[in-house]
Structures are given as C-alpha cells and as structure tokens.
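Last residue of the sequence shown: number 216 in our numbering, and the count goes up by one each step with no gaps.
C-beta atoms are modelled at their ideal positions from N, C-alpha and C, and glycine is treated no differently.
Here the structure is a predicted model, which is why all the values come from computation and not from measurement.
Structure record follows, encoded as structure tokens.
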Amino acid sequence: MAAPNPSLERELQGFTACFRAQSGHLIFSTAPGGEGRVVSEDEAVGFWCDYAALAHRHARRFGLSVWASVVLLILFGTLGVKYKAPLFMGLALLSMFGWWFTAIAQRIIRARFKYRVWETVAHHTPVRALTRDEKIARGFALSARQWLGLGVALIVYSALNAPSRALPPVWRDLQTVAIGVLIYGSIVGLLAYGAFRLVRRLRGRG
11 MAAPNPSLER
21 ELQGFTACFR
31 AQSGHLIFST
41 APGGEGRVVS
51 EDEAVGFWCD
61 YAALAHRHAR
71 RFGLSVWASV
81 VLLILFGTLG
91 VKYKAPLFMG
101 LALLSMFGWW
111 FTAIAQRIIR
121 ARFKYRVWET
131 VAHHTPVRAL
141 TRDEKIARGF
151 ALSARQWLGL
161 GVALIVYSAL
171 NAPSRALPPV
181 WRDLQTVAIG
191 VLIYGSIVGL
201 LAYGAFRLVR
211 RLRGRG
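As structure tokens, this is what we get:
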C-alpha cells in the first residue's frame, strides 16, 4: 500500500476541480473554471477513476524509487570508496537524485493525462469559461479582499518571525511597534468589516 502523498492528493483535488456543473450539464476543462466541454457522468467517473489509479501507481512507485535511491547510493558509494572508481562515484551521485527524476517524470505523465482527456472530449459541445465573479463565487479564484487578507497575514507572519536579535536596538523597538500596529490594525479592520456587513444585512431586511 502506498504511503500518503500530500502532493498527489492536491493534484487529485485539482483534477476533480476541473469538473463542474454549469447550465444543467457536467463540464470538463483543463483549468478550474476555464472553457470546457460537456461530458456525461459516466465519462467523468471513468476519467476520475483512471486519474486516481494513475496517481496511486505513481505514489507506490515513487516510494520504491526513494528506497532504491538510498540503497543504490550506499552500494555505489561504498564501491566507489573501496575501489576509488569514478564510475561508481558518478552512479552514486545519480542515485542520490533518482527519486527527483522519478517525481519529474511522473508529473509530466499526469499533466499529459489531463490533456489526453481534453483531446478525447474536444469534439463535445463547447461551454464558455466562467467570469471572474463566477470563479470567485465557486472558489476557483480569490477576490481582491482575500488577496489583501493574505498579504496582511504574510506581513504579520514575517514580522513575528523576524530575527530581532540581529537588528540594531532602534530597529528592535520599531519592529515591536510595527507588530503591534499590524496585529491591532488587522483586528480593528476585521471588526469594522464585520460590523459593516451586519449593518448592511439589517438594512436589507428592513
């Protein structure tokens, strides 16, 4: 049984997001929310199962490639040191990155699978891409407010994790003040936004 692979799980979720319901049909597109083609439910299930099986095989083979890289590195490294042979040392170096080459090759294969699916359904009924507002509503894109929130969170995280001891004393004080301003400013901003939404909702009901 293959060990859990977070990267493959995210790719499987991304492939699942390529299917969406729109205008009473099931749509497949190479990118979430993009221009797509109408597919049947049986086709969608078949494509998804094939991709999931491919990802499972890749996870199992990647685990084997990691073990093979470790074993071959030790083997060729030992032979290279014992016989002082550049060939064995070169093979040991290649073995060290064997898992990396495997990961790259597998990623290319999975990307080509998605486009093979597209070629299969290319003659189906075309469907327009979603607008930006529709993508945001479905979670396929981030709004400007969400990007702003991520930016503030990144700034706060960077400020909290900055090495204060490496800064001059004056900059340490400024860092402390900046952290306080960012944290309290973020809290006040969130509270103000929540109050604004509440007032607007109450006015709408009235």
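How close, in whole Å, do the beta carbons of E45 and A139 come, if the pair is a contact with beta carbons under 8 Å?
4 Å
Buried versus exposed call for T141 [16 or more other C-beta atoms within 10 Å across all chains shown]:
exposed
What is the rounded straight-line gap between the Cα of R47 and the Cα of F98?
52 Å
Taking C-alpha atoms, which residue in V198, R155, A95 and R71 lies nearest to I114?
R71
If distances are taken between C-alpha atoms only, which option among L85, R120 and F107 comes closest to F25?
R120
Please classify G46: does DSSP put it in a helix, a strand, or coil?
strand
In the DSSP assignment, find the unbroken beta strand (DSSP E) run with R126 in it and report its ends.
Element bounds for R126: not the beta strand (DSSP E) but the alpha helix (DSSP H), G108 to V131.
Exposed unless 16 or more other CB atoms sit within 10 angstroms - verdict on V209
exposed
For the pair the segment 120-130 and the segment 56-67, tell me if three or more CB-CB distances fall below 8 Å.
yes
For L36 versus F29, is the C-beta spacing smaller than 8 Å?
yes
Which term fits Q156, buried or exposed, when burial requires 16 or more other beta carbons within 10 angstroms of its beta carbon?
exposed
Cut-off 6 Å between Cβ atoms - residues of its own chain near L287, not counting five sequence neighbours on either side:
Lying before the first or after the last residue shown, residue 287 is absent from the chain, which here runs from 11 to 216.
Is the Cβ-Cβ distance between H68 and L18 less than 8 Å?
yes
Using the Cα positions of K94 and T112, report the straight-line distance between them to the nearest angstrom.
28 Å
In the structure shown, what three-state DSSP assignment does F29 receive?
strand
Would S39 be called buried (16 or more neighbouring beta carbons within 10 Å of its own) or exposed?
buried
Which residues in the same chain as A65 place their Cβ atom closer than 6 Å to its Cβ, once the five residues preceding and following it in sequence are excluded?
L18 and L22
Evaluate S75 with the Cβ neighbour count: other Cβ atoms within 10 Å of its Cβ, from every protein chain shown; 16 or more gives buried, anything less gives exposed.
buried
H35 by DSSP, collapsed to three states: which one?
strand
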